[in-house]
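Q: Here's a structure for you.
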Amino acid sequence: MTSSFSNLSLAEPLARAVAEMGYESMTPIQEQAIPVVLTGQDVMGAAQTGTGKTAAFSLPLLQRLLKHESSSTSPARHPVRALVLLPTRELADQVAQQIALYAKYTKLRSTVVFGGMDMKPQTIELKKGVEVLVATPGRLLDHIEAKNAVLNQVEYVVLDEADRMLDIGFLPDLQRILSYLPKQRTTLLFSATFSPEIKRLASSYLQNPITIEVARPNETASTVEQRFYSANDDDKRRAIHQVLKSRGIKQAFIFVNSKLGCARLARSLEREGLKTTALHGDKSQDERLKALEAFKSGEVDLLVCTDVAARGLDIKDVPAVFNFDVPFNAEDYVHRIGRTGRAGASGLAVTLVSGSDARLVADIEKLIKKKIDLEAIEYEEDQPRGRINDGRRAWREAGETGDGRDALPAAPAAPRRERDQRVGREGREQHRGFRPAVASRDPFFEKPYEASAAADATPAWEAAKSAPRSSVSANIKPKRKVAALFKAAQPETSVQ
DNA sequence: AAAAAAC
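Numbering-wise, the working numbering comes out as the position in the first sequence, counting from 1, plus 822.
Okay, structure coming up:
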């Protein structure tokens, strides 16, 4: 049994880098995936968050690049032989840095390209030639079209966070990129979450794949303590203060569903005396990288973020994750809470649940196959509460560039009376009685806090779980889209 | 109900 990196017979330069980084024993996904990737077969790999998937594919990939000379007859001295695709810029940056460390003592070159940064330095690096290219889809297509990147010699393609890469928002770009790659190649897919639909879609991009599942897909890390607290919207910041204080937590990710909500919440928490920064897609790339760096260095304690930060980011010893908003997709819940409890450390995940979130929490419970109990928080009197201010003023105060128009909610679609009536009825039936006791709409600090919300929350909670799914449920739409795409999905066309 | 990814 090879459970130690030293038993792997990695090429000397790789073994040296690994030893220098202090890696000794392998995690289960590494133990299982590395030998298979070394054979050059296609892989679909699922393992919990924070268990070392990046090393699980990049080490054997580099080993193969070292062992097998390029079969290229092209004059390019360093054709791109391996392509690694990721869904966010920060993640691409992180994975590229990790690969560069592993490849440090080899002659293999690697670089990363992603949007929001000047094309020129990236172009210079690409023209020098790299064997390993890490990228986000949009910017890679730009470089392909500008003929800065030639991908007709690619032997390996990795889709990290594969289920996201195959999702409706990314699939068109992904298909275009794949159409530039040779058909004869190895394809590796990794993620902590795979839905049955995505698995089927994924299999159309794989040839005789080996499936590696360390534990069940969608399983949350056992090192994360998951808590669900009942809190109406005006009590949510108060809940954060209370949990931070009572558990003695210094640092945390706080996830919010919208960019505007993210900017507002960050501003409010900052005002309430917490060292906070915001990370979302309407910030400049410079601001995004700075926010992440400030959190990593401990300069700020709270990173208020959208799902741009939900996946893959590996920051050591983050003690807690808050879901200020319950995520729309249950898979995102698994990824969000995976920012804590990494590499065997312990972590706390707190989800703040308001009256209208019942369906979403029921979806999470079903996905992670763990019973969820909704609890009440015992507040100390001095925690701030109340509605946070809104509009463009908040946007400006949050230090955002622009006027915030981009982040304002889109105008609602034209109402359809029949649908609206049905939705209204179903919504009322579904959530009847679930509404917390304190339906506080009080302006900031006006009314004293009243009784706890959870007392009457549980019965309706149970009811909501077994209630029929509403036709407006967020999960229906993506699934339908995926199914349609699956029907339409065609494996990539051959090289021009 | 949203976010992400290109200029």
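The beta carbon of each residue, even a glycine, is placed where N, CA and C say it ideally should be.
Taking only the alpha-carbon atoms, compute the straight-line gap between Lys929 and Val865 and give it to the nearest angstrom.
A: Cα to Cα, Lys929 sits roughly 26 angstroms from Val865.
Q: Since Phe1012 is in the beta strand (DSSP E), which residue starts that stretch and which ends it?
A: From DSSP, the beta strand (DSSP E) with Phe1012 extends over Thr1008 to Ser1013.
Q: Looking at C-alpha atoms only, which residue of Ser1168, Arg1059 and Asn1054 is the closest neighbour of Ala1180?
A: It is Asn1054 whose Cα lies nearest to the Cα of Ala1180.
Q: Beta-carbon within less than 6 angstroms of Ala1131's beta-carbon, same chain only, minus the 5 sequence neighbours each way: which residues are those?
A: So the list reads Leu1101, once near-sequence residues are dropped.
Q: Is Asn1079 helix, strand or coil when you go by DSSP?
A: Coil, per DSSP.
Q: Per DSSP, Arg1049 is paired with what?
A: Looking at the DSSP assignment, Arg1049 forms a beta bridge with Val1172.
Q: Out of Asn1079, Leu1170 and Glu983, state which residue places its alpha-carbon closest to the alpha-carbon of Leu908.
A: The shortest Cα separation from Leu908 among Asn1079, Leu1170 and Glu983 belongs to Glu983.
Q: In chain order, what residues of the same chain lie with their CB nearer than 6 angstroms to the CB of Phe1117, ignoring the 5 residues before and after it?
A: Cβ within range, chain order: Leu1125.
Q: I'd like to know if the region 1069–1086 and the region 1138–1145 are in contact, where contact means that at least 3 CB-CB pairs between them fall below 8 angstroms.
A: Output reads yes: the region 1138–1145 touches the region 1069–1086.
Q: Using the beta-carbon count (16 or more within 10 Å), is Asn1151 buried or exposed?
A: Burial call: buried.
Q: If you draw a straight line from the C-alpha of Val980 to the C-alpha of Asp940, how long is it?
A: Approximately 25 angstroms, taken between the alpha carbons.
Q: Kindly indicate which three-state DSSP category Ser826 falls into: helix, strand or coil?
A: Correct three-state label for Ser826: strand.
Q: For Cys1127, list the residues DSSP reports as bridge partners.
A: DSSP output for Cys1127 lists Phe1077 and Leu1101 as bridge partner(s).
Q: Let me check one thing: in DSSP terms, what residues is Thr1033 bridge-paired to?
A: Looking at the DSSP assignment, Thr1033 forms a beta bridge with Met866.
Q: In the DSSP output, which residue or residues are listed as bridge partners for Asn970?
A: DSSP output for Asn970 lists no bridge partner at all.
Q: Going by the DSSP bridge assignment, what does Tyr978 pair with across the sheet?
A: DSSP, once it has assigned bridges, lists Ala904 and Thr1008 as partnering Tyr978.
Q: Taking Thr933 as part of the beta strand (DSSP E), name the residues at either end of that continuous run.
A: Start and end: Ser932 to Val935.
Q: I need the DSSP call for Phe879, collapsed to helix, strand or coil.
A: Three-state DSSP puts Phe879 in a helix.
Q: Which value, in whole angstroms, describes the spacing of the CA atoms of Gln944 and Ser825?
A: Computed Cα separation, rounded: 38 angstroms.
Q: Give every residue of the same chain whose Cβ lies closer than 6 angstroms to the Cβ of Lys1097, excluding the five residues on either side of it in the sequence, and list them in chain order.
A: Excluding residues within five positions, the ones whose Cβ falls inside 6 angstroms are Val1122 and Asp1123.
Q: Would you grab the beta carbon distance between Phe879 and Leu1023 for me? Rounded to a whole angstrom, and I think it's under 8 angstroms.
A: At roughly 20 angstroms, the Cβ-Cβ gap does not stay under 8 angstroms, so Phe879 and Leu1023 are not in contact.
Q: Secondary structure at Leu884, three-state DSSP: helix, strand or coil?
A: Reduced to three states, the DSSP call for Leu884 is helix.
Q: Alpha helix (DSSP H) containing Phe1117: first to last residue?
A: First-last of the alpha helix (DSSP H) with Phe1117: Gln1107 to Ser1119.
Q: Restricting to Cα atoms, I'd like to know which of Ala968, Asp1056 and Ala957 is closest to Glu912.
A: Here the closest residue by C-alpha is Ala957.
Q: Quick one: Cα of Val840 to Cα of Tyr924, how far?
A: About 7 angstroms.
Q: Tell me which residues share the same chain as Arg1326 and place their Cβ nearer than 7 angstroms to its Cβ, disregarding the 5 neighbours each side in the sequence.
A: The chain is shown only over 823 to 1318; residue 1326 falls outside these bounds and no answer can be derived.
Q: What number of angstroms, rounded off, separates the C-alpha of Phe1050 from the C-alpha of Asp1104?
A: Looking at the two C-alpha atoms, the distance is approximately 29 angstroms.
Q: Could you give the distance in angstroms between the alpha-carbon of Leu1135 and the alpha-carbon of Gln916?
A: Straight-line Cα distance between these residues: approximately 7 angstroms.
Q: Is Ala922 helix, strand or coil when you go by DSSP?
A: Helix, per DSSP.
Q: Check whether the region 840–854 and the region 954–972 are in contact - that is, three or more C-beta pairs closer than 8 angstroms.
A: Taking 8 angstroms as the limit for Cβ pairs, the verdict is that the region 954–972 does not touch the region 840–854.
Q: Closest by CA to Asp889, which one among Arg1089, Lys1191, Glu1115 and Thr861?
A: According to the sequence shown, residue 889 is Lys rather than Asp. It is Thr861 whose Cα lies nearest to the Cα of Lys889.
Q: Suppose you measure from the CA of Pro882 to the CA of Glu1094; what does that come to, to the nearest Å?
A: For Pro882 and Glu1094, the distance between alpha carbons rounds to 48 angstroms.
Q: So, is Gln919 buried or exposed, given that buried needs 16 or more other C-beta atoms within 10 angstroms?
A: Answer is exposed; the Cβ neighbour count stays below 16.
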